[in-house]
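Below is one structure, written out as structure tokens; comments come after it.
Number of protein chains: 2
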Amino acid sequence: MDQQQLRLWRKQIQQELDRTMDFWLRHSHDQEYGGFFTCLARDGAVYEEVKYVWLQGRQVWTYCRLYRTLPRFCRPEILNAAITGGEFLIRHARISADSQKCAFVLTRDGKAMKVQRTVFSECFYVMAMDELWRATGQRKYKEEAVKMMDEIIRWVRQDPSELGRPALPGAVPTNAMAVPMMLLCLVQQLEEADEVMTVKYSEVGSWAVQQIVQHVQRKGKAVLENVSEDGNELPGSLGRHQNPGHAIEAGWFLLCYAVKHQDPELSKVAIQNFMVQPFQTGWDQEHGGLFSFLDVDGHCPTQLEWNMKMWWPHTEALIAFLMAYFEKRDAKLLQQFEKVFEFVFSKFTDPEHGEWFGYLSQEGKVALNIKGGPFKGCFHVPRCLYMCELILDKLLAEKV
Amino acid sequence: MDQQQLRLWRKQIQQELDRTMDFWLRHSHDQEYGGFFTCLARDGAVYEEVKYVWLQGRQVWTYCRLYRTLPRFCRPEILNAAITGGEFLIRHARISADSQKCAFVLTRDGKAMKVQRTVFSECFYVMAMDELWRATGQRKYKEEAVKMMDEIIRWVRQDPSELGRPALPGAVPTNAMAVPMMLLCLVQQLEEADEVMTVKYSEVGSWAVQQIVQHVQRKGKAVLENVSEDGNELPGSLGRHQNPGHAIEAGWFLLCYAVKHQDPELSKVAIQNFMVQPFQTGWDQEHGGLFSFLDVDGHCPTQLEWNMKMWWPHTEALIAFLMAYFEKRDAKLLQQFEKVFEFVFSKFTDPEHGEWFGYLSQEGKVALNIKGGPFKGCFHVPRCLYMCELILDKLLAEKV
Chain A
1 MDQQQLRLWR
11 KQIQQELDRT
21 MDFWLRHSHD
31 QEYGGFFTCL
41 ARDGAVYEEV
51 KYVWLQGRQV
61 WTYCRLYRTL
71 PRFCRPEILN
81 AAITGGEFLI
91 RHARISADSQ
101 KCAFVLTRDG
111 KAMKVQRTVF
121 SECFYVMAMD
131 ELWRATGQRK
141 YKEEAVKMMD
151 EIIRWVRQDP
161 SELGRPALPG
171 AVPTNAMAVP
181 MMLLCLVQQL
191 EEADEVMTVK
201 YSEVGSWAVQ
211 QIVQHVQRKG
221 KAVLENVSED
231 GNELPGSLGR
241 HQNPGHAIEA
251 GWFLLCYAVK
261 HQDPELSKVA
271 IQNFMVQPFQ
281 TGWDQEHGGL
291 FSFLDVDGHC
301 PTQLEWNMKM
311 WWPHTEALIA
321 FLMAYFEKRD
331 AKLLQQFEKV
341 FEFVFSKFTD
351 PEHGEWFGYL
361 SQEGKVALNI
371 KGGPFKGCFH
381 VPRCLYMCEL
391 ILDKLLAEKV
Chain B
1 MDQQQLRLWR
11 KQIQQELDRT
21 MDFWLRHSHD
31 QEYGGFFTCL
41 ARDGAVYEEV
51 KYVWLQGRQV
61 WTYCRLYRTL
71 PRFCRPEILN
81 AAITGGEFLI
91 RHARISADSQ
101 KCAFVLTRDG
111 KAMKVQRTVF
121 SECFYVMAMD
131 ELWRATGQRK
141 YKEEAVKMMD
151 EIIRWVRQDP
161 SELGRPALPG
171 AVPTNAMAVP
181 MMLLCLVQQL
191 EEADEVMTVK
201 YSEVGSWAVQ
211 QIVQHVQRKG
221 KAVLENVSED
231 GNELPGSLGR
241 HQNPGHAIEA
251 GWFLLCYAVK
261 HQDPELSKVA
271 IQNFMVQPFQ
281 TGWDQEHGGL
291 FSFLDVDGHC
301 PTQLEWNMKM
311 WWPHTEALIA
321 FLMAYFEKRD
331 AKLLQQFEKV
341 FEFVFSKFTD
351 PEHGEWFGYL
361 SQEGKVALNI
371 KGGPFKGCFH
381 VPRCLYMCEL
391 ILDKLLAEKV
């Protein structure tokens, strides 16, 4: 391992994180209603004022996490913005007073515009509230987080009727990987340094892990996004659907769990099945970058963006391979990190305005020059950079 | 006007229509359950067996329309396939016995998998049933069409509650152009050579025309996909959204209406505002082809496929400019037809296997090589080719 290379990466990553946070701090705060504008053009100009609940929750999470873990971000303006975002969510995210169901998108002043029949708005609500509790010490945020978490668990494992999906005779009961991944992520969030929560959610955590691992199919040769509820392959496009970035993200979620629970078998599955294998099949040998979607049998996916290179799978790959290298010290894992790092820093970053472009064509050309939109906010890029910075710090500290 | 050029186009179009229909006749029929496979790979192989209701209805329409209007398609195998498709829809499309609401997608054997909270499955059901009545003479199909049509009108103009969209305080009441366009298309379908229907749906037709024309905004300089219910511009990305192919399609719907109702003012709007202007702003000067989406103020659209060149806007442009030329005899309109024709026949067609590619990158490279999928079936290509063939025949007949 080359110390100098690590220091260079460390420096570039810190600089990139600072530039990214500067972008959001400067352009995204709604001083009038609280919360954040997330539809920002390349230069940070607001091109749309509506507020996506996923992205409100994620930005609160990011601000609090950086505030409480990296000293240079422990600044009142950051905490205060997070609090106004959290309060905006508490006031407006729920679509009615007698339900925990949250909207997908709100008007600038907080009126519900659309609702998704899924649990994800609510999941990012939990992440926001738990971090806000940790950053402020205010108990009410923790209570918000736990109340919402318990409802999500009930919807997922007992009774989804409140989500509003009609029961249809041809609907295939599906274990979609996003759901247990999200639950595992929330369990890991809630149980950090908290014995009570660790006990409370321990069974949910191990259930989620087992649900995720069911997605390893084809005798270990592929991760499939959708499997049957008993862990078998589903027919058709749905069953053959692959999302390499998602598999890799699941990989580092599982690796965290394996390390904490000292489970070397799971650690191996996390690295081999969820990182190395999906990276191998998901990386575009011709133009570089990870494909967004693939079909395990090589059919053309029906998603129009299948061959686009999106920012977030690359952030997940950076975290995953650096974390895996930290745990295993296998130089091949660091080479994969380097491969992704070079692609990212030559294609996605924007030194002129900060934050990353989100959507490149297969050839690596910027296809949408927005920095934020309905699904891209202040989350994947800073989470990746902050986690990589911490891991690099640990590696560098060892060697001094 | 160059007779020889017209004859050449006529020949290429007939050949292309034959090749297209041969593709669907050969690969898409489900001999076991009736109806059609529409998820077909480049060579026609079925890669997914589920049945999208839009595409079932559209294929029945196409088969019947060709059967009854072009002698070379007046073949029993075509009518019989259409009948099995229509009967499949009658048996399976509705999600319950006490409602006209139809599914969006069915299992191969007809069980509802998903429902959209819109009226479009039902609209293509009407098109299928009306054509099936015209092709077979069987009254029950006409009754199916009218019963469904009246329910659609009730949902759109009186009470949408059965569609299942929750009423939310921040939801913006919107006149989305697709809805009146679809209704105008259905009125024109139902009233063909039918006095009773012409009287019955006359008011709906003129209402639809007036709703469509409201989408001309910015002092005539732009067609916007979504306007307020009183015909004003809406804020944000939704209000700025443009879909050039959709505007051009609306153009030929309006031109048909204007010709039938001898309305020269509407005819002018149809050609100038809905065809010429959207074509000007929607055509990619660098790589050719029509953009899928644009933002009227030049912001980057948030739809990932905004810069892709899709097959269907180009089919609409071929119909629109040839029809407009037929009505106005303005050589500039024929030049636009030629421009689109050349792009289409060099980029979308596939002489090896038939049918067109559906999705090209901005640069014109095939991005998805499927011939059919969740939104592409046996409809836009044959409708375009058949309509162009008829118009060219009329032009050529004049000159003999």
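Which chain is which? The protein sequence lines are A and B, in order.
Each residue of the first sequence is one higher than the one before, starting from 1 at the first, in full-length UniProt numbering.
Each residue of the second sequence is one higher than the one before, starting from 1 at the first, in full-length UniProt numbering.
Ideal placement from N, C-alpha and C gives every residue a C-beta, glycine not left out.
The model shown is predicted, which means the values in this text are computed figures rather than measured ones.
Check: Beta strand (DSSP E) runs wholly inside the stretch 110-162 of chain B, at least 3 long, in chain order; Outcome: 112-114
Check: C-beta neighbour in chain B for tryptophan 306 of chain A, strict 9 Å; Outcome: yes
Check: Closer than 9 Å to chain B by CB, arginine 42 of chain A; Outcome: yes
Check: Unbroken alpha helix (DSSP H) run spanning tyrosine 63 of chain A, endpoints; Outcome: 53-69
Check: Neighbouring residues, chain B, relative to alanine 171 of chain A (Cβ below 8 Å); Outcome: Ala112, Met113 and Lys114
Check: Delimiting residues of the alpha helix (DSSP H) encompassing tyrosine 325 of chain B; Outcome: 311-328
Check: Proximal residues of chain A, C-beta to C-beta of histidine 299 of chain B below 7 Å; Outcome: Ala41 and Tyr47
Check: 9 Å Cβ cutoff met for glutamate 131 of chain A and arginine 65 of chain A; Outcome: yes
Check: Methionine 177 of chain B to glutamate 363 of chain A span [Cα, whole Å]; Outcome: 34 Å
Check: Min CB distance alanine 103 of chain A to chain B below 9 Å; Outcome: yes
Check: Interface partners of glycine 236 of chain B on chain A, CB under 9 Å; Outcome: Cys39, Tyr47, Glu48, Glu49 and Val50
Check: Chain B within 9 Å of asparagine 175 of chain A, Cβ atoms only; Outcome: no
Check: Reference lysine 309 of chain B; option with closest CA among A:Gln210, A:His380, A:Leu304 and A:Trp311; Outcome: A:Leu304
Check: Three-state secondary structure (DSSP) of glutamate 286 of chain B; Outcome: coil
Check: Glutamine 217 of chain B at chain A interface by Cβ criterion, 9 Å; Outcome: no
Check: Test item: CB-CB of lysine 89 of chain A and tyrosine 52 of chain A under 9 Å; Outcome: Residue identity check: residue 89 of chain A is leucine in the sequence provided, not lysine. Not closer than 9 Å, so no.
Check: Alpha carbon of glutamate 342 of chain A to alpha carbon of threonine 349 of chain A, nearest angstrom; Outcome: 11 Å
Check: 8 Å contact criterion, which glutamine 14 of chain A and glutamate 286 of chain A should meet: CB distance rounded; Outcome: Their Cβ separation, rounded to whole angstroms, is 32 Å, which puts glutamine 14 of chain A and glutamate 286 of chain A out of contact at 8 Å.
Check: Residues of its chain near leucine 334 of chain B, where Cβ-Cβ distance is below 6 Å and the 5 sequence neighbours each way are ignored; Outcome: Tyr325
Check: Same chain, Cβ closer than 8 Å to arginine 75 of chain A, five either side skipped, listed in chain order; Outcome: Tyr67
Check: Bridge partners - valine 366 of chain B, DSSP secondary structure assignment; Outcome: B:Leu360
Check: Selection of the stretch 86-98 of chain B by Cβ proximity to chain A, strictly under 8 Å; Outcome: Ile95
Check: Helix, strand or coil at arginine 72 of chain A according to DSSP, with G and I counted as helix; Outcome: helix
Check: Three-pair Cβ contact test at 8 Å for the stretch 292-301 of chain A versus the stretch 257-274 of chain A; Outcome: no
Check: Glutamine 100 of chain A - DSSP class collapsed to helix/strand/coil; Outcome: coil
Check: Within 9 Å of chain A by C-beta, residues of the stretch 175-209 of chain B in sequence order; Outcome: none
Check: Residue 403 of chain B versus B:Lys221, B:Trp311 and B:Asp98, residue with shortest Cα-Cα distance; Outcome: Coverage of chain B is limited to positions 1 through 400, which leaves residue 403 of chain B absent and any answer about it impossible.
Check: Contacts of tyrosine 359 of chain B in chain A (Cβ-Cβ under 9 Å); Outcome: Leu304
Check: For aspartate 227 of chain B: DSSP bridge partner residues; Outcome: Strictly speaking, residue 227 of chain B in this sequence is valine, with aspartate absent from that position. Valine 227 of chain B pairs with B:Asn175 and B:Glu233.
Check: Chain-ordered neighbours of leucine 368 of chain B on chain A, where CB pairs are closer than 9 Å; Outcome: Cys300, Pro301, Thr302, Gln303, Leu304, Trp306 and Asn307
Check: Selected residue, minimal CA-CA separation from aspartate 295 of chain B, among A:Tyr47, A:Ala82 and A:Phe37; Outcome: A:Tyr47
Check: Buried versus exposed call for serine 361 of chain B [16 or more other C-beta atoms within 10 Å across all chains shown]; Outcome: buried
Check: Contact the stretch 145-165 of chain A vs the stretch 112-128 of chain A: 3+ CB pairs below 8 Å; Outcome: yes
Check: Residue range of the unbroken alpha helix (DSSP H) whose run includes tyrosine 257 of chain A; Outcome: 244-260
Check: Secondary structure of tyrosine 47 of chain A, DSSP reduced to three states; Outcome: strand
Check: 6 Å CB neighbourhood of glycine 373 of chain A in its chain, flanking five on each side removed; Outcome: Cys39
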